[in-house]
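Okay, so here's the structure we're looking at.
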Amino acid sequence: MDDTENSAASAAQRSFLSIGLLGFGTVGAHVYRLLQDETLVAARAGVSLRVKKIAVLHPAKARPVEVPPAIFTTDPSEIVASPDVDIVVELIGGLEPAHRLVLEAIERGKAVVTANKQLMATHGPELLGKAETVGVELGFEGSVGGGIPLIKPIRESLAAARIRAVTAILNGTTNYILTRMAAEGWTFEAALTAAQRQGFAEADPREDIEGHDAAAKLAILASAAFGCQVTNDDVYREGIASITPKDIAFAKELGFAIKLLAIARSQDGEIEARVHPALVPLNHPLATVADEFNAVLVDGPGLGPVIFSGRGAGGAPTAVAVVGDLVAIGTRLRLGFRGRPGGVHLVPMRVRPIEEVVLPCYLSLQVIDRPGVFARVASVFGDEQVSIASIVQKSRGAVADVVLVTHDAPERAVRRVLARLREMDVVKAIPTVIRVEATI
Numbered sequence: 002m003d004d005t006e007n008s009a010a011s012a013a014q015r016s017f018l019s020i021g022l023l024g025f026g027t028v029g030a031h032v033y034r035l036l037q038d039e040t041l042v043a044a045r046a047g048v049s050l051r052v053k054k055i056a057v058l059h060p061a062k063a064r065p066v067e068v069p070p071a072i073f074t075t076d077p078s079e080i081v082a083s084p085d086v087d088i089v090v091e092l093i094g095g096l097e098p099a100h101r102l103v104l105e106a107i108e109r110g111k112a113v114v115t116a117n118k119q120l121m122a123t124h125g126p127e128l129l130g131k132a133e134t135v136g137v138e139l140g141f142e143g144s145v146g147g148g149i150p151l152i153k154p155i156r157e158s159l160a161a162a163r164i165r166a167v168t169a170i171l172n173g174t175t176n177y178i179l180t181r182m183a184a185e186g187w188t189f190e191a192a193l194t195a196a197q198r199q200g201f202a203e204a205d206p207r208e209d210i211e212g213h214d215a216a217a218k219l220a221i222l223a224s225a226a227f228g229c230q231v232t233n234d235d236v237y238r239e240g241i242a243s244i245t246p247k248d249i250a251f252a253k254e255l256g257f258a259i260k261l262l263a264i265a266r267s268q269d270g271e272i273e274a275r276v277h278p279a280l281v282p283l284n285h286p287l288a289t290v291a292d293e294f295n296a297v298l299v300d301g302p303g304l305g306p307v308i309f310s311g312r313g314a315g316g317a318p319t320a321v322a323v324v325g326d327l328v329a330i331g332t333r334l335r336l337g338f339r340g341r342p343g344g345v346h347l348v349p350m351r352v353r354p355i356e357e358v359v360l361p362c363y364l365s366l367q368v369i370d371r372p373g374v375f376a377r378v379a380s381v382f383g384d385e386q387v388s389i390a391s392i393v394q395k396s397r398g399a400v401a402d403v404v405l406v407t408h409d410a411p412e413r414a415v416r417r418v419l420a421r422l423r424e425m426d427v428v429k430a431i432p433t434v435i436r437v438e439a440t441i
């Protein structure tokens, strides 16, 4: 019997399991509070889950929850190496030392739970593969949707479904900003300031508004939905800073709302993985998702659209997801299981470059307002085989605002159109280009 089997056998024989927390910030404090309700947790897991050690940088720091000082340590490796810790919970965030510590814990035969989206988006395939090889569990429900159940439903409840697409709003900050811009007519800057005032945006909001947060979450979701190896670097990403109130008004006139969407789609043995602003029809299920709420639409043949929604971030919701993973793992350890039944098999799949994606597109142009100009502009689209579906022209003197929506067109062809338009003397500016996501 190897060390992993010994550990599982030992855990199965005890009335409690020991938890080691790496990090004790907002989420860690909420996790600790939840685990203090031993009656509820033990009833769900069939075994008591007790926090044995907590690794922090500053043990004497004031905490929002009372913790016995003796369980603090400044050495996270002490927790990872301890034979008395059954499950390691990584709540440090970032890539290092989180990656090194999680990998070491797995190699030592310990189950691990993490809420670290950057870790799973960057090293998820490696860590899941190692966990499967060693025969231990790696829970990461809290890394994507906070308190919204996503990973388990997709991997387990929908295991028999052939998922075709995941279309999601995965960032509450950007959704709040776009909602306020649409509802109040605010500029992006005014809506961002309001989001910061409400606590929905950080002082440095780039992680959210440039799409990094949503891209990391999409990499994890795509891997779970399609059973393939998708990392952060595979996801195409654009942010929302260029969106204007005028774009939102024009989009509404055309029957659309603007959302920052995270989209993963399987097609012909390849997948798309992209995060960018998109026009969605006003009757689309995601068009009415407001403010800081997140929503994930999963679709497939025989399944139809299934929607998961709620607040996708915050210490308390994320802690619920983390403790949910602990309860599930604790239950299986109590029964003597070494790892997740069936394991996790992620296969390589080609991720389509954005240039090969075929979508309709919204373009706003500022052109000289004189006869024959639009005919010249339209000829560029025709030359590149990009068909125009609708057009709105707003004359305002010497320069006119023109808004076009194309039919399905390869991204590569649209980029050729844009390059040619920018060289035309009658085109003064191309303020905005936004893809259209009309599929439900």
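Counting from 1, position 253 in the sequence shown corresponds to residue 254 in my numbering; the numbering is continuous, with no gaps. Glycine is no exception: its CB is placed at the ideal position from the N, C-alpha and C atoms.
Reduced DSSP secondary structure (H/G/I, E/B, other) of residue i
i           : result
residue 280 : strand
residue 37  : helix
residue 132 : helix
residue 450 : Nothing in the structure corresponds to residue 450, since the chain is present only between 2 and 441.
residue 188 : coil
residue 2   : For residue 2, the predicted structure reports a pLDDT of 45, less than 50, and the residue's modelled location is therefore unreliable. A value from the coordinates is still provided. Three-state DSSP puts residue 2 in coil, outside helix and strand.
residue 156 : helix
residue 126 : helix
residue 194 : helix
residue 234 : helix
residue 98  : coil
residue 275 : strand
residue 260 : strand
residue 343 : In this prediction, residue 343 has a pLDDT of 49, which is less than 50 and means its spatial position is unreliable; what the coordinates show is noted afterwards. Residue state, collapsed to three classes: coil.
residue 205 : coil
Residue i, enclosing alpha helix (DSSP H) - first and last residue
i           : result
residue 336 : Run containing residue 336: none; DSSP gives neither H nor E here.
residue 19  : That residue, residue 19, is in no alpha helix (DSSP H); its beta strand (DSSP E) goes 17-23.
residue 175 : 173-185
residue 384 : 374-384
residue 224 : 213-227
Through-space distance from residue j to residue i, alpha-carbon basis
i           : j           : result
residue 116 : residue 186 : 36 Å
residue 131 : residue 229 : 15 Å
residue 226 : residue 158 : 11 Å
residue 280 : residue 183 : 13 Å
residue 379 : residue 437 : 19 Å
residue 288 : residue 58  : 43 Å
residue 36  : residue 356 : 48 Å
residue 143 : residue 172 : 14 Å
residue 367 : residue 245 : 14 Å
residue 167 : residue 215 : 13 Å
residue 29  : residue 290 : 29 Å
Nearest to residue i (by Cα), restricted to the options the options
i           : options            : result
residue 67  : 55, 77, 78, 75     : 55
residue 370 : 146, 246, 428      : 428
residue 338 : 423, 135, 69, 92   : 135
residue 97  : 435, 63, 123       : 123
residue 299 : 156, 278, 19       : 156
residue 161 : 22, 125, 403, 302  : 302
residue 151 : 48, 383, 312       : 312
residue 269 : 49, 412, 353, 403  : 353
residue 286 : 145, 119, 297      : 297
residue 238 : 327, 253, 275, 267 : 275
residue 65  : 26, 420, 363       : 26
residue 308 : 127, 170, 328      : 170
residue 223 : 75, 259, 349       : 349
For residue i, the first and last residue of its enclosing beta strand (DSSP E)
i          : result
residue 50 : 49-56
residue 90 : 88-91
Sub-9 Å separation of residue i and residue j beta-carbons
i           : j           : result
residue 418 : residue 387 : yes
residue 391 : residue 434 : no
residue 48  : residue 16  : yes
residue 265 : residue 119 : no
residue 277 : residue 383 : no
residue 449 : residue 192 : With the chain represented from 2 up to 441, any question about residue 449 goes unanswered, as that position is not in the structure.
Cβ-heavy atom distance, residue i to the ligand HEM, below 8 Å
i           : result
residue 205 : Because no ligand of any kind appears in the structure shown, any question about the ligand HEM cannot be addressed here.
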